[in-house]
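Colleague:
Number of protein chains: 4
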Amino acid sequence: MENTTASLLVSCPDKKGLVAKIANFIYSNGGNIIHADQHTDFESGLFLTRIEWQLDDFNLPRDLIAPAFSSIAQPLQAKWELHFSDSIPRIAIFVSKQEHCLLDLLWRHRAKEFVAEIPVIISNHPNLKDITEQFDIDFHHIPITKATKIEQEKKQLELVDKYNIDLVVLAKYMQILSNDFVAQFPQIINIHHSFLPAFIGANPYHKAYERGVKIIGATSHYVTADLDAGSIIEQDVVKISHRDNVVDLIRKGKDLERIVLARAVRLHLNNRVLVYGNRTVVFE
Amino acid sequence: MENTTASLLVSCPDKKGLVAKIANFIYSNGGNIIHADQHTDFESGLFLTRIEWQLDDFNLPRDLIAPAFSSIAQPLQAKWELHFSDSIPRIAIFVSKQEHCLLDLLWRHRAKEFVAEIPVIISNHPNLKDITEQFDIDFHHIPITKATKIEQEKKQLELVDKYNIDLVVLAKYMQILSNDFVAQFPQIINIHHSFLPAFIGANPYHKAYERGVKIIGATSHYVTADLDAGSIIEQDVVKISHRDNVVDLIRKGKDLERIVLARAVRLHLNNRVLVYGNRTVVFE
Amino acid sequence: MENTTASLLVSCPDKKGLVAKIANFIYSNGGNIIHADQHTDFESGLFLTRIEWQLDDFNLPRDLIAPAFSSIAQPLQAKWELHFSDSIPRIAIFVSKQEHCLLDLLWRHRAKEFVAEIPVIISNHPNLKDITEQFDIDFHHIPITKATKIEQEKKQLELVDKYNIDLVVLAKYMQILSNDFVAQFPQIINIHHSFLPAFIGANPYHKAYERGVKIIGATSHYVTADLDAGSIIEQDVVKISHRDNVVDLIRKGKDLERIVLARAVRLHLNNRVLVYGNRTVVFE
Amino acid sequence: MENTTASLLVSCPDKKGLVAKIANFIYSNGGNIIHADQHTDFESGLFLTRIEWQLDDFNLPRDLIAPAFSSIAQPLQAKWELHFSDSIPRIAIFVSKQEHCLLDLLWRHRAKEFVAEIPVIISNHPNLKDITEQFDIDFHHIPITKATKIEQEKKQLELVDKYNIDLVVLAKYMQILSNDFVAQFPQIINIHHSFLPAFIGANPYHKAYERGVKIIGATSHYVTADLDAGSIIEQDVVKISHRDNVVDLIRKGKDLERIVLARAVRLHLNNRVLVYGNRTVVFE
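Taken in order, these protein sequences are the chains called A, B, C and D. Residue 1238 is where the first sequence starts when you use the working numbering, and the numbers rise one by one after that. Residue 1238 is where the second sequence starts when you use the working numbering, and the numbers rise one by one after that. Residue 1238 is where the third sequence starts when you use the working numbering, and the numbers rise one by one after that. Residue 1238 is where the fourth sequence starts when you use the working numbering, and the numbers rise one by one after that.
#1: Which residue or residues does DSSP assign as beta-bridge partners of A:H1430?
#2: Residues of chain B with a CB under 9 Å from the CB of D:H1272: which are they?
#3: Let me check understanding here. Comparing Cα to Cα, which of C:T1242, C:F1279, C:L1283 lies closest to C:A1273?
#4: Name the residue from A:E1289, A:L1255, A:C1249 whose alpha carbon lies nearest to the alpha carbon of C:K1253.
#5: Closest Cβ-Cβ distance between C:M1238 and chain A: below 8 Å?
#6: Does the distance from the CB of B:L1407 to the CB of B:N1427 come in under 8 Å?
#7: Mind listing the chain B neighbours of D:G1490? Cutoff is C-beta to C-beta under 9 Å, in chain order.
#8: B:N1482 and B:Y1513 - do their beta-carbons sit closer together than 8 Å?
#9: I'd like to know if C:G1454 contacts chain A, where contact means its C-beta is closer than 8 Å to some C-beta of that chain.
#10: Can D:K1451 and C:I1469 be called in contact, C-beta distance under 8 Å?
#11: Quick one: which chain D residues come within Cβ less than 8 Å of A:R1480?
#12: Counting only the same chain and skipping the five closest in sequence on each side, list residues whose C-beta sits under 6 Å from that of C:I1437.
#13: Do C:I1453 and C:I1477 have their C-beta atoms within less than 8 Å of each other?
#14: So C:A1353 packs on C:R1327, CB below 8 Å; how close in whole Å?
#15: Should B:Q1314 be counted as a contact of the ligand ZN given a C-beta to heavy atom distance under 7 Å?
#16: Determine whether the beta carbon atoms of B:H1429 and B:A1455 lie at a separation below 8 Å.
#17: May I ask you to list, following chain order, the residues of the stretch 1245 to 1260 of chain D that have a beta carbon less than 9 Å from some beta carbon of chain B?
#18: Of the residues A:L1506, A:K1444, A:L1342, which one's Cα is nearest the Cα of B:R1516?
#19: Taking the alpha-carbon positions, what's the C:A1310 to C:W1317 distance?
#20: Looking only at C-alpha atoms, which of D:L1246, D:P1380, D:N1261, D:S1457 sits nearest to D:Q1275?
#21: Write down every uninterrupted run of the beta strand (DSSP E) in the stretch 1296 to 1337 of chain C whose length is 3 residues or greater and which is fully enclosed by it, in chain order.
#22: Helix, strand or coil: which one does DSSP assign to B:R1509?
#23: Going along chain D in order, which residues have a C-beta closer than 9 Å to the C-beta of C:I1469?
#24: Would the beta-carbon of B:A1260 fall within 8 Å of that of D:A1260?
#25: Cβ atoms of D:V1497 and C:V1474: under 8 Å apart, would you say?
#26: With a CB to CB cut of under 6 Å and the five nearest residues on each side skipped, what residues in its chain are close to A:N1362?
#27: Counting only beta-carbon atoms, is A:W1344 nearer than 8 Å to chain D?
#28: Just to make sure I have the definition right: I need the residues of chain B whose C-beta is within less than 9 Å of the C-beta of C:A1435. Which are they?
#29: Kindly list, in the order they appear in chain A, the residues whose Cβ is closer than 8 Å to that of B:T1517.
#30: Report the three-state DSSP secondary structure of C:R1448 (helix, strand or coil).
#31: At 7 Å on the CB atoms, spell out the chain B contacts of A:V1474, in chain order.
#32: What are the start and end residues of the beta strand (DSSP E) that includes A:N1261?
#33: Could you give the distance in angstroms between the alpha-carbon of D:N1401 and the alpha-carbon of D:H1458?
#34: Short of 8 Å in beta carbon distance, which residues of its chain neighbour C:R1480, apart from the five on each side in sequence? Order them along the chain.
#35: With DSSP as the reference, please indicate the residues paired to A:W1290 in a beta bridge.
#36: Would you mind working out which of C:S1244, C:C1249, C:A1348 sits nearest C:A1315, comparing C-alpha positions?
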C-alpha cells in the first residue's frame, strides 16, 4: 500500500457509463485501483467520483496521464484534478497570537499524520516566532491595520508565491482575507470556532454563552469571499453545561478547533475532498 | 428512594450563608436531603440551587412548607418554586401532522419514564386522531388559519384551562403561538428541528442541506414571544455526510427530535430545570 | 431515484481490472450506475464492492442478470449477492417481554423508514400480543425452557419457513439461539445492550454500573453460534454519570438499543452490509 | 472568582443533617460557598459531597481548618480531604516512547489549563529526552527489564520522593507498575487506549480491529494493583469504519488519549474526583 498512487477527483453531468469509462482508462493502462468511490447528486444531476490506483506497472508515463485523461474528460464536460501520492504539497500557515492550532499541526506533521512541507509561517503578530523557530520554519511577521491591509496582503501573496505554496491554512488567523487575496490564491482552509452557520463572525464563544446553548462546535471550511460561508469540510461538537463560563467554552473549544482543523487539512492533503457549488463530497 | 420528596428550586443574589440557611430549614424540621446541587453565576451575581428531601418524618405539614420557606426567601429576594414528587403534573400535547414525537412521548409515558397525566392532545389537523384514541386520550381538532388564529387560540386556552394543564408540549406543532397565548400560559416546551441558533424558523433541514453542514441537531427550549429564542433545555446532534439528501436529514433528524424533546420534558417534570434570564441551569 | 435498481455486493481476491469488469458488465447492458463504492482490505488481500444501477433501459431481463454475472464472478473466485430494490424482504421479529425495540421497528416500518413486510412476531412470552395485534401482525407465543428448547426452536423454524422469512430480527429476545437454529437459518440480526466486546452475556447494564464506566453503548450484529461474537453492523454510545443508577442506565440504554437496531436493520435491508470473516463493510 | 478557596471532599454513611452540618461549619466561620454538590448513593448508603468556599474573611486560620473539621467528621465516620486552591500540586509524568500525551500535557500546562508544577519526567526509554529539555524539565531515563524491575522501581520511587511528587501521570507508560509501587505511592492516573473494560491489556487497537468494532475509545483511571481495573475518571470514543486499518485506529486513538487523559488530570487537580469503592463521583 506504500506504492506510489495517482488519484483522480472528477465531477461531471451524470450519464451512463461514467464508472466504466474511468475504470477502463486505468485498467487498459495496467493500473490497479485501490480506492473507488462515487456519489450521484440527483438534485444537481452531477456525478462525482474519486478513484486512486497504483502506478507500478502503469503503462502511461506520468506526464501523459493528464493529457490522456483530458481527452476522456472533455466530451463529458468534466472538471477534474489529478494528484500523485509522492508529490509533497507545500503549506503556509497563517496565525495571529493563539498557538494551539499551529502547535497541533506542527506535531501532527512531525508525527507524519499527514505528508506535506511547511516552509513558512506568516503572522500579523510576533508572538509565535519562537515556536516556529523551534520547528525550523521561516517566520514572517506582517502586521495588518485597516490602512495597511492591501499592501500587506500583497507581501503575504509574494511570500506564498516565493515559497511555492499549494495550500494556505488559517490556524486561528484572526483577520479576514480580502476578496482580492482569495481571488488570487483560492486554496485556503480556515477553522471557525463555532458550529457554523451558528455564530458567524467575531466572538462566537461569547455569543454561544449568551445564547445559553448546551453544545458548542467548530467548523473547518474552504475560504471564499463571503465570510464564514465557504464549503464545509469537517465539523465537530462538544457538550457544555451551565457550569461552563466563557473561559471554559474557549478552553473546550480549543480541543475542537485543533482536531477539526487537523482532520480537514489531512482530508484535503489526501485529496479526499471534492468541492461543488457550496458543498463538499468527502470521500473517506 | 421511593418515598415522597419535596424539592426547592431557588435563585437569589449571592451572599454568604445561603446553603446553610436552606439546609438548616430542612434539617431543623427533620428532613433528609437526598439531592443538593448549587451553582453560582459570578457574572450575574446569582446563587442558584436545587434541593430535594424526603418528607417522611418531616415535621412541617405540607401546606405549611411554602409559607415557612417564604419567610426565609423574602429577605434574600429569592425567586423559588416548591414541588412535591407525588403531585402529578398534567400535560397537553400540541401536534400537527407528524406523529414521531407524539408517539415517542406516549410510549415513554406508558413505560413510566416520566410521571404525568396526558389528558388531552390538540392539533390543527385531524391526522393523529386515531393514534390519540388508541391511547385513550381526548383529541381536539382546532384548525388554524391566519384569519382564525386569535379565536382558535382562545379555544386552545380554554381547553388548557378546562383540562387543568400544567405544561404544554409542542411536539412538532408547526404553528407559532401568539405572544398573547404565551403571556397567558407560559409553561411551554418546544422542539426545534435544528441546532439553534443555526437555522432559525421554517425548513431547517432544507437550509442545513443547502449550507452543506456535516452535522445536524435538534433543540428543546421553553417558548417565549420571540421565535426560537427561548431558554434552551437540551440539544443533541448527529453526523451526516454528502450521501444524505433532505429526506435523509429529515429521517435522521426525527430520532434526534424524539430524544431531545423527551429528555427536556423529563428534566422539566423532575423539576431539574431552573430558568434565569435567557439561560437554564439543568441540575442533572 | 425512485426507479427500480439492482445492486451487487461482491467480494473476491484483489487483482487488476475488477472495477472495470463489473462497471463494463453494467454499462454494456445499458445500466446507469447510481452507487459504486469499493474497499480494498490489504491485509486479507480482498476486493469488496457494492454497485447499484437503474434497471430502466437495462437490456438484460432480470432473470438473466444472475447467470450472466455468474460467468464473470466465477473466474474471479468471487462471492456475490444480487438484490432488486422492488423485492420486499420479509421479516420475523423475535421478542421476549420488552416492547421498546419492537415498537420502534413497527413505527419506523409504518413511517416507511425501511421497506419490508413484517408478517409475524414470535415470543417466548405472551406479553406483547396486544401490541402486535394493533399492528395487524400474527403473533406466536412459543415458550422456551431448557428442556423444551430444541423442539420449540423447531416450531420457530417451521414458522420462519411457513411465513417465507428472509430476515430474523432479535428485538430484545432474551434467549440464546442454538447453533442448530443459526445453522439452519443464518440471516439473523441481534441487538446487544452493551458496547461489545465489553460486557458480553447477561445483565450488561448491571455490570457496567458495577464497573463504574462513564459511557454505555449498544451493538447490533449478525448472530453466529458464538454468543455476542458475530460481525458488528452498528454501535453507538451515550455518556452517563455517577448520578445514573442501574435503572437510569437501562432507561438511557433503551434509546440506544432502539436506534442502533433500527439503523442496522435498515442498512441490511438496503443491502449496504457486506460480511467477510468476522468483519463488515458498511457501504453508507 | 480568583480568590483563594478551600474545598472539602467528604464521604460518609448517609444520615439527616449532613448538608446543614457542613454548610454551617463554613458559614459560622464566615466562608462564602461557591460550589456545593452532593450525591447520595442509595445502594451503598453513602453520602458524598464536594464543597468549596472562598477563604477571604474566613475566620479560621488555614492550619486550624483541618483539625476543626476533623471534630465534625469523626462522629460521622467520614473520609475526607481538604484542599487549598493556591497549593500547587507537583506532578511526575512517566512515559515510554510515544510523545503525544506528554506533549499535550506540557502544552496545556503552559497554556495554564491546569495549575501544577511538573518538575520531572521519568522514562524507560531515552527517546523523549529532547522534548523534555525544551520545556526545562528534568528527565530521568530508567530502563526496565523483567530482571531489573524491582530495583528500578525503587529508583523511580526515590525520584518521586525527592521531587516531592503529589501525582504520577502515566502518559503512555507502557509498563505495568508492580503492586509494591502502587502500595507505596497510590496517587497515579493512567490512560488506557481502549474503552474499558473492552480490550484490557496489551494491543487494544489491534484487538479492536480484529473484532471489527465500529467505535473505539480511551479510558483514564486511577491505577490499582489490578491491571486496568482501577476507578474510571473519564472516557470518550470516536467512530471508525471499515476503511480504518490498525494504523488509522492508532492515529484516531491518539486524539482520544490526549483529550481523555488531559480531562482526567484536570478534574483530579481541581479536586473534582471522589473515589469510593471501584467508582468515582466526578463533581463537574
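Built from N, CA and C at the ideal position, the CB exists for glycine as well.
Modeller: Based on what the coordinates show:
#1: Per DSSP, A:H1430 has no beta bridge partner at all.
#2: Q1275, H1276, T1277
#3: If you compare the alpha carbons of C:T1242, C:F1279, C:L1283 with that of C:A1273, the shortest gap goes to C:T1242.
#4: A:E1289
#5: Because C:M1238 carries a pLDDT of 46, less than 50, the predicted location of this residue cannot be relied on, and no value is offered for it.
#6: yes
#7: Result: empty, since nearest Cβ-Cβ is about 19 Å, beyond 9 Å.
#8: no
#9: no
#10: yes
#11: What A:R1480 touches in chain D: E1521.
#12: D1465
#13: yes
#14: 7 Å
#15: Within the structure as shown, the ligand ZN is missing, as the structure has no ligands at all.
#16: yes
#17: D1251, K1252, K1253, G1254, L1255, V1256, A1257, K1258, I1259, A1260
#18: A:K1444
#19: 8 Å
#20: D:L1246
#21: 1316 to 1321, 1327 to 1332
#22: coil
#23: R1448, G1449, V1450, K1451
#24: yes
#25: no
#26: As written in the sequence, residue 1362 of chain A is His, which differs from the Asn given in the question. Cβ neighbours of A:H1362 beyond the five flanking positions: S1333, K1334.
#27: When Cβ-Cβ separations below 8 Å define contact, A:W1344 makes contact with chain D.
#28: Per Cβ cutoff of 9 Å: no residues; C:A1435 is ~23 Å from chain B at best.
#29: G1449, H1479
#30: Reduced to three states, the DSSP call for C:R1448 is helix.
#31: I1452, V1474
#32: Note, A:N1261: premise wrong, no beta strand (DSSP E); alpha helix (DSSP H) at 1255 to 1265.
#33: 22 Å
#34: none
#35: Partner(s): A:A1243, A:I1270.
#36: Checking every option, the nearest Cα to that of C:A1315 belongs to C:C1249.
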